[in-house]
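Protein chains in written order, with our numbering: chain A, 1 to 272; chain B, 1 to 294.
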Amino acid sequence: MKKLTQIIILTCLALMLIIPVSQAKDQLVVQGSTTVLPIAQAAAEVFMQNNSQADISVRGGGSGNGIAALIDGTCDIADASRSIKVKEVILCQKKGISPVGNIVAMDGIAVVVHTSNPVSALKTDQIKDVYTGKITNWKELGGEDLEIVIVGRDSSSGTFETFEELVMKGAKVSPAALAQASNKTVSTIISTTKGAIGYVGLGYLNDTIKAIEVNGVEANPETVGGGKYPISRPLYMYTDGAPEGMVKEFIEFIWSEEGQEIVTEQGFVALQ
Amino acid sequence: MKKRLHLREKIIKNVCFVSSLTSIFFLAGITIILFKEGLPLFKGISFAEFFLGKSWYPTFDPPDFGMLPLFVGSLWITFGAILIAAPFGISIAIYISEFASPQIQLFLKSTIELLTGIPSVVFGFIGLAFLGPFLQKLLNLPVGLNSLNASILLALMAIPTISSLSEEALFSVSRHFKEASYALGATKWETVIKVVVPAAFPGINTAIFLGIGRVIGETMTVLMVAGGAAIIPHSFLQPARPITATIALEMGETVVGSDHYHALFALACVLFILNLGLNLVANYIFAKPRRLTS
């Protein structure tokens, strides 16, 4: 009996070693921004349904994380909600990677407040003053006498980077801002806090929060796609060199009509 | 026949030995990586700037790596949590070991153990969706995500640790002391408070230290409910951002090898040293000659 157990254990170990080697499918690893994640995941599902040979694995982790993985060679496509930084380009050169940014969608960042807040429109300068801590009460903006609760993202999120570039323009966010880990948490806090103000990706707008007009422009797919909405950004999929093989097929799928429909379904803006 | 037996025993002994070596290996490996990635930060900034600096703006140009608000945030929330958890934990332990009948003992012990089974992210969700708005309404605050919220939830996590270890400490106090106390005419209550609890003090202390260790490393819950404001908190009603939440929040998007990356590892080193220190102190107190227990 003991000998039989030993044989079974050895066979199991042997199988564990052999099976990964015998993968017949084409593997593709997509990693990076949590903003681009829903697009990548939805597109991967449809792509795998259409091509039975494809085996796409999609992960989050953040834009920086994705680009680091591309440099290390542990992923084929790096999702990013920001453009690659100079420091990262230098790292790429060291490792012989030539990063190519393929824009797959446009995203807008909506500034949101509680549904009961009477304020419906602000200028980017006013939003900046709120976030630096210069304006602390809603009555200074024509609203109720209520303390403003600033909700934001951690300073290394792609969403924050775009907000910082286009609204803060180099000014520091007040340290009293409540830094949250994701778009979803920000929207949850805004929906339950009367005096809160925050920013979320276009895809996260829903009935529980109210998006305000920025510089007189409402945040919706038309204004973002047309370039009228001031806080918008492209979403990238970075590859090592121009896309080839299955990577090329996948990105071309996202660029196709069906792919762009998926982009819109996920709440983003299709490329014009 | 005898030779085969001898060989098999030798193999088993060596396999166990290698297993224990691997755990030491992993611990050493983790320590080396933490310090290897954290120390390069100090090529560019001074120790004083890092440890005493009051602003944490790691992605700004030029960046600020002052970890004082984060460090104080961690300590503040931990302090609040233990302030709530220690009295509760110790009283529960006293009740279970001295006053409860065997059936109630069993029931209470299993129920409290269930608390440890709840994932920290569930606590975080409860804090975000229920405790936060509740505190907001009760105390008329602009937002319910603050150190108090975090401390309450972390206390719930620490209570099982503190109560089960304290209960063990109380249980191991020698019967002789209790009997001597009764013989001198003391009531049950007086015996418990003036004889048994002081005798179990080293064990209870260890329990509290281990509770602190559990709380200070907690990441998911504080990430979701402590507020995330990198300020030095002056009251429990203010939001705070502990070290663990900062690392979790920012690690995903930093450029590998950048100063920010090294700064986050340096934060991890601080946490590691803090935890190590706590464990060493707890062990020292625990190992002191226990004169009062059998």
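Using N, Cα and C, we set each Cβ at its ideal position, and we do this for glycine too. The model shown is predicted, which means the values in this text are computed figures rather than measured ones.
Neighbouring residues, chain B, relative to residue i (Cβ below 7 Å)
| i | result |
| --- | --- |
| A:Gln180 | Gly228 |
| A:Asn65 | Gly252, Glu253 |
| A:Gly61 | Gly252 |
| A:Asp154 | Leu249, Glu250 |
| A:Thr264 | Within 7 Å Cβ-Cβ: nothing; A:Thr264 doesn't reach chain B, min ~26 Å. |
| A:Ile39 | Under the 7 Å cutoff, chain B gives no residues; its nearest Cβ is about 18 Å from A:Ile39. |
Residue closest to residue i, alpha-carbon to alpha-carbon, out of the options
| i | options | result |
| --- | --- | --- |
| B:Ala85 | B:Ser181, B:Ile208, B:Met251, B:Leu264 | B:Ile208 |
| B:Leu170 | B:Ile204, B:Leu145, B:Ser151 | B:Ile204 |
| A:Asp107 | A:Thr74, A:Thr34, A:Thr136, A:Lys3 | A:Thr34 |
| B:Asp64 | B:Asp259, B:Ala158, B:Leu131, B:Leu276 | B:Asp259 |
| A:Pro234 | A:Gly66, A:Thr159, A:Lys169, A:Phe47 | A:Thr159 |
| B:Pro160 | B:Leu108, B:Tyr57, B:Ala129 | B:Leu108 |
| A:Glu274 | A:Thr124, A:Glu213, A:Pro243, A:Ile189 | Summary: the structure shown does not reach residue 274 of chain A, with chain A confined to residues 1 through 272, and so no result is reported for it. |
| A:Glu222 | A:Ile209, A:Tyr199, A:Ala270 | A:Ala270 |
| A:Met237 | A:Val130, A:Lys248, A:Met168 | A:Lys248 |
| A:Val111 | A:Ile7, A:Ile71, A:Tyr229 | A:Tyr229 |
| A:Thr115 | A:Ile77, A:Asp76, A:Ser191 | A:Ser191 |
| B:Leu276 | B:Lys43, B:Leu128, B:Gly213 | B:Gly213 |
| A:Ala171 | B:Asp61, B:Ala266, B:Ser235 | B:Asp61 |
| A:Lys169 | A:Glu88, A:Lys194, A:Gln126, A:Thr208 | A:Gln126 |
| B:Ile216 | B:Val222, B:His262, B:Ile92, B:Thr78 | B:Thr78 |
| B:Phe35 | B:His262, B:Ala282, B:Ile285 | B:His262 |
Reduced DSSP category for residue i - H, G, I as helix; E, B as strand; rest coil
| i | result |
| --- | --- |
| A:Ser256 | coil |
| A:Val151 | strand |
| A:Tyr199 | strand |
| B:His234 | coil |
| B:Ser147 | helix |
| A:Leu122 | strand |
| B:Leu292 | Reliability of the predicted coordinates at B:Leu292 is poor, the pLDDT of 49 falling under 50, and the value obtained from them is presented with this limitation in mind. Reduced to three states, the DSSP call for B:Leu292 is coil. |
| A:Ala179 | strand |
| B:Arg4 | helix |
| A:Ile212 | coil |
| A:Asp145 | coil |
| B:Ala186 | coil |
| B:Arg241 | coil |
| B:Arg175 | helix |
Assigned exposure category for residue i - 16 Cβ within 10 Å defines buried
| i | result |
| --- | --- |
| A:Ser120 | exposed |
| A:Thr5 | exposed |
| A:Pro38 | buried |
| B:Ser294 | Because the pLDDT of B:Ser294 is 46, which lies under 50, any placement of that residue in the model is unreliable, and the number read from its coordinates should be weighed accordingly. So B:Ser294 ends up on the exposed side. |
| B:Thr187 | exposed |
| A:Lys128 | buried |
| B:Thr246 | buried |
| B:Val270 | buried |
| B:Val121 | exposed |
| B:Phe239 | Just to set this straight, residue 239 of chain B is Pro in the shown sequence, not Phe. That one is buried. |
| B:His176 | exposed |
| B:Trp189 | exposed |
Chain-ordered chain A contacts of residue i [CB-CB under 9 Å]
| i | result |
| --- | --- |
| B:Pro87 | Ordered by position in chain A, no residue passes the 9 Å Cβ test against B:Pro87, which lies about 30 Å from the chain. |
| B:Pro133 | Thr192, Thr193 |
| B:Leu128 | Thr185, Thr188, Ile189, Thr192 |
Residue i: contacting residues in chain B (beta-carbon distance under 8 Å)
| i | result |
| --- | --- |
| A:Val149 | Pro142, Val143 |
| A:Thr136 | Going along chain B, no residue has its Cβ under 8 Å from A:Thr136, so there is no contact; the nearest lies around 11 Å. |
Residue i: contacting residues in chain B (beta-carbon distance under 9 Å)
| i | result |
| --- | --- |
| A:Gly133 | Simply none; closest approach about 11 Å. |
| A:Lys87 | Val255, Gly257, Ser258 |
Closer than 8 Å at the beta carbon, the chain A residues around residue i
| i | result |
| --- | --- |
| B:Val222 | By Cβ distance, chain A contributes nothing, its closest Cβ being about 11 Å from B:Val222, past 8 Å. |
| B:Gly203 | Here the premise fails: no neighbours, minimum Cβ distance about 38 Å. |
| B:Arg241 | Ala179 |
Under 7 Å from the C-beta of residue i: neighbouring residues of chain A
| i | result |
| --- | --- |
| B:Arg4 | Here the premise fails: no neighbours, minimum Cβ distance about 12 Å. |
| B:Ile338 | What the structure shows of chain B is the stretch from 1 to 294, and residue 338 of chain B is not part of that stretch, so it cannot be assessed. |
| B:Phe60 | Lys172 |
Original post:
For the stretch 228-240 of chain B against the stretch 60-69 of chain B, are there 3 or more C-beta pairs whose distance is under 8 Å?
Top reply: Cβ pair count under 8 Å is three or more, so yes.
**OP:** For the stretch 246-260 of chain B and the stretch 7-26 of chain B, state whether three or more C-beta atom pairs, one from each stretch, are separated by less than 8 Å.
**Re:** Result no; under three Cβ-Cβ pairs closer than 8 Å.
**OP:** Give a yes or no on contact between the stretch 174-189 of chain B and the stretch 156-166 of chain B, applying the rule of three or more CB pairs nearer than 8 Å.
**Re:** No, because fewer than three Cβ pairs between the stretch 174-189 of chain B and the stretch 156-166 of chain B fall closer than 8 Å, the two stretches do not touch.
Original post:
Between the stretch 203-215 of chain A and the stretch 175-194 of chain A, do three or more beta carbon pairs fall short of 8 Å?
Top reply: With a cut-off of 8 Å, the stretch 175-194 of chain A and the stretch 203-215 of chain A count as touching, because enough Cβ pairs lie within range.
Subject >> At least three beta-carbon pairs within less than 8 Å, the stretch 242-257 of chain A to the stretch 95-102 of chain A >> reply: Cβ pair count under 8 Å is three or more, so yes.
**OP:** Say whether the stretch 87-98 of chain B touches the stretch 150-160 of chain B, bearing in mind that this needs 3 or more beta-carbon pairs closer than 8 Å, one atom from each stretch.
**Re:** They touch, by the three-pair rule.
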